[in-house]
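J.: Dumping the structure here so I can ask a few things about it.
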Amino acid sequence: MSANGEVLLRGHDLTRRWGGLVAVNKVSLDLVRGHVHAVIGTNGAGKSTLINMLSGEIEPSGGRVELLGQDVTRWPQPRRARAGLGRSYQRNTIYPSFTVFENCRLAAQARTPRPWAWWQPAQGCQASTAAARACAARAGLDDLLDREAGLLSHGQKRQLEIAMCLATEPQVLLLDEPLAGMGAEETERMLALLTELKNGHAILLVEHDMDAVFRIADEITVMVNGAVIASGTPDEVRNSPEVRAAYLGDGH
Amino acid sequence: MSAIKTAMKTSKGLFVLASFAALALYPAVAGNYGVDLVTKVMIYAIFALSLELLVGMTGLVCFGQAAFFGIGAYAAVLLSPQAEAASLLWLLPAAVVAAAAYAMAVGALSLRTKGVYFIMVTLAFAQMAYYVVHDTPLGGGTDGIYLTAKPVLGSLIDLDKPLPMYAFTLVCLVLVFGFLALLSRSRFGRALAGIRVNEQRMRATGFSTYPYKLAAFTLSGGLAGLAGFLFAVKDAFVNPELMSWHFSGAVLIMIILGGLGHLRGALIGAFAFALLQEFFKSEAIFGAFAKHWSLGLGLTIIVAVALLPRGLVDMPGQWRARLVGRRAGVSGGAR
Numbered sequence: 390m391s392a393n394g395e396v397l398l399r400g401h402d403l404t405r406r407w408g409g410l411v412a413v414n415k416v417s418l419d420l421v422r423g424h425v426h427a428v429i430g431t432n433g434a435g436k437s438t439l440i441n442m443l444s445g446e447i448e449p450s451g452g453r454v455e456l457l458g459q460d461v462t463r464w465p466q467p468r469r470a471r472a473g474l475g476r477s478y479q480r481n482t483i484y485p486s487f488t489v490f491e492n493c494r495l496a497a498q499a500r501t502p503r504p505w506a507w508w509q510p511a512q513g514c515q516a517s518t519a520a521a522r523a524c525a526a527r528a529g530l531d532d533l534l535d536r537e538a539g540l541l542s543h544g545q546k547r548q549l550e551i552a553m554c555l556a557t558e559p560q561v562l563l564l565d566e567p568l569a570g571m572g573a574e575e576t577e578r579m580l581a582l583l584t585e586l587k588n589g590h591a592i593l594l595v596e597h598d599m600d601a602v603f604r605i606a607d608e609i610t611v612m613v614n615g616a617v618i619a620s621g622t623p624d625e626v627r628n629s630p631e632v633r634a635a636y637l638g639d640g641h
Numbered sequence: 003m004s005a006i007k008t009a010m011k012t013s014k015g016l017f018v019l020a021s022f023a024a025l026a027l028y029p030a031v032a033g034n035y036g037v038d039l040v041t042k043v044m045i046y047a048i049f050a051l052s053l054e055l056l057v058g059m060t061g062l063v064c065f066g067q068a069a070f071f072g073i074g075a076y077a078a079v080l081l082s083p084q085a086e087a088a089s090l091l092w093l094l095p096a097a098v099v100a101a102a103a104y105a106m107a108v109g110a111l112s113l114r115t116k117g118v119y120f121i122m123v124t125l126a127f128a129q130m131a132y133y134v135v136h137d138t139p140l141g142g143g144t145d146g147i148y149l150t151a152k153p154v155l156g157s158l159i160d161l162d163k164p165l166p167m168y169a170f171t172l173v174c175l176v177l178v179f180g181f182l183a184l185l186s187r188s189r190f191g192r193a194l195a196g197i198r199v200n201e202q203r204m205r206a207t208g209f210s211t212y213p214y215k216l217a218a219f220t221l222s223g224g225l226a227g228l229a230g231f232l233f234a235v236k237d238a239f240v241n242p243e244l245m246s247w248h249f250s251g252a253v254l255i256m257i258i259l260g261g262l263g264h265l266r267g268a269l270i271g272a273f274a275f276a277l278l279q280e281f282f283k284s285e286a287i288f289g290a291f292a293k294h295w296s297l298g299l300g301l302t303i304i305v306a307v308a309l310l311p312r313g314l315v316d317m318p319g320q321w322r323a324r325l326v327g328r329r330a331g332v333s334g335g336a337r
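So the protein lines, in turn, are chains A and B.
Using my numbering, the letters of the first sequence correspond one by one to residues 390 to 641.
Using my numbering, the letters of the second sequence correspond one by one to residues 3 to 337.
Below is the structure:
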């Protein structure tokens, strides 16, 4: 695995307009291997639009996305995913009717798709079954492999999202509110997992839980109305007058 | 738990094997009428299996499947030479490829839409094919066209006789069933299942879903073409009604009646649909009312779907649930 500190994903002047509304206005950010870069902001600040432009689900109206040094702005999402970009969603997007194992295995299958081999059973695919077991274990789901994914608790579903992300062996993780709706204990477990994943991955974290963000992030970008008003280390952001005025409120 | 699952899997496998064995033995006890009827039903079953690949496995509701069936049928007639019998070796693949090619073109355009739009676009393309054969002299227009000499394979297979036709259709049915059973377990089949359940996640994982769906659509069209080919050869006659939307709707009803998401559902659905149709058309039973057969058929299907929303394949499951429920109730009362 390459050294930490290398820029893996770069967004440059990303802009998205919906008619007259500018949802994201010239946002630039770097995701560095070994770092958690958090993006915070109120609802409607453009965080999800930003993450969707980075992952390839929404085409930017302007700006550029670079993944591992390559310009991927025109690449569709599946191609970016195969190149090492993994993402999780705000709402659970798992395969509820499949087992936990099959959720992970199918995600891992993206690495060795071989769709023409129609006579070979998918369960016999060594590469994807091994990867599925490994990533389920990493996300703490090894006891639940045979459970139907739709029957998991909310926190376990969030863990499964991360496991499916890892199954594709990504280098960059875009995580959209992985802590949403979690209890205190589940939050701790997820934060421990993210801290562990930091080593070797570049992580973008969109999150509303400020305590968690300030604990885990190496860099924070603050968005208001689609634009960046501050960016820097947690301390810099905490002490920024613009942030205090716009986001934390004057009382803080 | 896993013991029950294994037992259920075995019983499903046994059911399919027993069905095919029964079909293989059936001509020994049946007359000409029965052989001809069951040949037709087996062709319907192949047709239903082709649609199950799209609707049940991939989650794409196609409302124009009859076009591919019809193209396979028309290809069989139009490509056959007038004077002598064609060889099965090239005529059958030609019919399948013709249907698959049209499916590929339709799929390439219609798969850019989703949901109800997809249903409408596939219907529109099927209607287009219907009016081409209906309104042009190409395939005999509304009167249809006859197949003058049925295809042969040397002196080995002569499809002009009912028994070889029956056997050949059964072999095709078993092969298609086996092919789809393997396919659904393969990586391709699992990817199609993933697309059915959550296409967004599939794309985020790195699957380009469009080629997968297009491949499924083309395959499905080719299998429907095979069914159409067999139908044309059996009756030695084709007409535009084979491509009509009624028939596309009928095959959808077959797989829903049988139970979506199961290959044997397509099998059971095709048999149930065709036999119900025969039943309500029978003048011996219904007399003059038999000409209103579609009313009886429709009402029966509504009742079946209302009572068994997951299809006829779910019947054992429902009985088991009822038995277990009753037993639990009894033991609860005894305590």
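Glycine included, each C-beta is placed from N, C-alpha and C at the ideal position.
Give a yes or no on whether 8 Å exceeds the smallest Cβ distance from ALA206 of chain B to chain A.
T.: yes
J.: Alpha carbon to alpha carbon, what distance is there between ALA499 of chain A and HIS590 of chain A?
T.: 19 Å
J.: Buried or exposed: ARG114 of chain B, going by 16 or more other Cβ atoms within 10 Å of its Cβ?
T.: exposed
J.: Note down, in chain order, each residue of its chain lying with its Cβ closer than 6 Å to the Cβ of TYR46 of chain B, except the 5 sequence neighbours on either side.
T.: ALA272 and ALA276
J.: Extract the residue ranges of the alpha helix (DSSP H) inside the segment 81-147 of chain B, only unbroken runs of 4 or more that lie entirely within it.
T.: 90-112 and 117-137
J.: Which residues in chain A sit within 8 Å of SER210 of chain B, going by Cβ to Cβ distance?
T.: PRO465, PRO467 and ARG468
J.: Taking only beta carbons into account, state which residues of the segment 420-439 of chain A come closer than 7 Å to chain B, listed in chain order.
T.: none
J.: Check whether the Cβ of GLY61 of chain B lies closer than 8 Å to any Cβ atom in chain A.
T.: no
J.: Going by beta carbon distance, what residues of the same chain come within less than 8 Å of PHE170 of chain B, once the five residues before and after it are set aside?
T.: ILE159, LEU161 and LEU232
J.: Based on Cα-Cα distance, which residue from B:ILE255, B:ILE287, B:TYR35 and B:GLY142 lies nearest to VAL305 of chain B?
T.: B:ILE255
J.: Taking LEU474 of chain A and LEU456 of chain A to be in contact with their CB atoms under 8 Å, please state how far apart those CB atoms are, rounded to whole angstroms.
T.: 6 Å
J.: Any Cβ of chain A within less than 8 Å of the Cβ of SER222 of chain B?
T.: Cβ-Cβ to chain A under 8 Å: no for SER222 of chain B.
J.: What are the boundary residues of the beta strand (DSSP E) that includes HIS401 of chain A?
T.: 396-407
J.: Counting only beta-carbon separations shorter than 8 Å, does SER52 of chain B have a partner in chain A?
T.: no
J.: Would you tell me roughly how many angstroms separate the C-alpha atoms of ILE258 of chain B and ALA50 of chain B, rounded to the nearest one?
T.: ILE258 of chain B and ALA50 of chain B have their C-alpha atoms some 10 Å from each other.
J.: By a C-beta neighbour count over all protein chains shown, 10 Å radius and 16 as the cutoff for buried, is VAL461 of chain A buried or exposed?
T.: buried
J.: Can we say the segment 214-221 of chain B touches the segment 514-533 of chain A, given the rule of at least three CB pairs closer than 8 Å?
T.: No, the segment 214-221 of chain B is not in contact with the segment 514-533 of chain A.
J.: Residues of the segment 100-121 of chain B in Cβ contact with chain A at a cutoff of 8 Å, in chain order, please.
T.: For the segment 100-121 of chain B, which is checked against every Cβ of chain A, not one residue is closer than 8 Å.
J.: Sort out for me which residues DSSP pairs THR488 of chain A with in a bridge.
T.: DSSP lists A:GLU537 as the bridge partner or partners of THR488 of chain A.
J.: What is the DSSP secondary structure of GLY334 of chain B, counted as helix, strand or coil?
T.: Confidence at GLY334 of chain B is low in this model, with a pLDDT of 39, below 50, so the placement of that residue is unreliable and no value is reported for it.
J.: Quick one: complete alpha helix (DSSP H) runs, 4+ long, within the segment 290-320 of chain B?
T.: 295-309
J.: Can you look up LEU244 of chain B in the DSSP assignment and give me helix, strand or coil?
T.: helix
J.: Applying the criterion that 16 or more other CB atoms from any shown protein chain within 10 Å of the CB defines a buried residue, is ILE48 of chain B buried or exposed?
T.: buried
J.: Which term fits HIS294 of chain B, buried or exposed, when burial requires 16 or more other beta carbons within 10 angstroms of its beta carbon?
T.: exposed
J.: Is any beta-carbon of chain A found at less than 8 Å from that of SER333 of chain B?
T.: Unreliable positioning characterises SER333 of chain B in this predicted model, as indicated by a pLDDT of 43, which lies under 50. A coordinate reading is not provided.
J.: When burial is assigned at 16 or more other CB atoms within 10 Å of the CB, is LYS546 of chain A buried or exposed?
T.: Counting of Cβ neighbours within 10 angstroms places LYS546 of chain A among the buried residues, the total reaching 16 or more.
J.: Between which two residues does the beta strand (DSSP E) harbouring GLU608 of chain A extend?
T.: 608-613
J.: Kindly indicate which three-state DSSP category LEU2 of chain B falls into: helix, strand or coil?
T.: Here chain B covers residues 3 to 337 and nothing more, so residue 2 of chain B does not appear.
J.: If you drop the 5 nearest sequence neighbours on each side, which residues of the same chain put their C-beta closer than 7 Å to that of VAL632 of chain A?
T.: The residues are VAL611, ILE618, ALA619 and VAL626.
J.: Roughly how many angstroms separate the alpha carbons of SER333 of chain B and ARG324 of chain B, rounded to a whole number?
T.: At SER333 of chain B the pLDDT is 43, less than 50, meaning the model places this residue with poor confidence; the figure from the coordinates comes in the next sentence. If I take the Cα positions, the gap works out to 14 Å.
J.: Residues in the same chain with beta-carbon distance under 6 Å from SER13 of chain B, minus the five sequence neighbours each way, listed in chain order, please.
T.: none
J.: For ILE592 of chain A, which residues of its own chain have a beta-carbon under 6 Å away from its beta-carbon, when the five flanking residues on both sides are left out?
T.: VAL425 and LEU562
J.: With a cut-off of 8 Å, does the C-beta of THR8 of chain B fall near any C-beta of chain A?
T.: Judged by the 8 Å Cβ criterion, THR8 of chain B is not in contact with chain A.
J.: Whether or not the segment 464-484 of chain A and the segment 405-414 of chain A are in contact is what I'm after, with contact meaning three or more pairs of Cβ atoms, one per stretch, closer than 8 Å; do they touch?
T.: no
J.: Can you say whether HIS248 of chain B is buried or exposed, counting buried as having 16 or more other CB atoms within 10 angstroms of its CB?
T.: By the neighbour-count rule (16 or more Cβ atoms within 10 Å), HIS248 of chain B is not buried but exposed.
J.: Based on the DSSP output, what are the partners of PRO510 of chain A in its beta bridges?
T.: B:SER188
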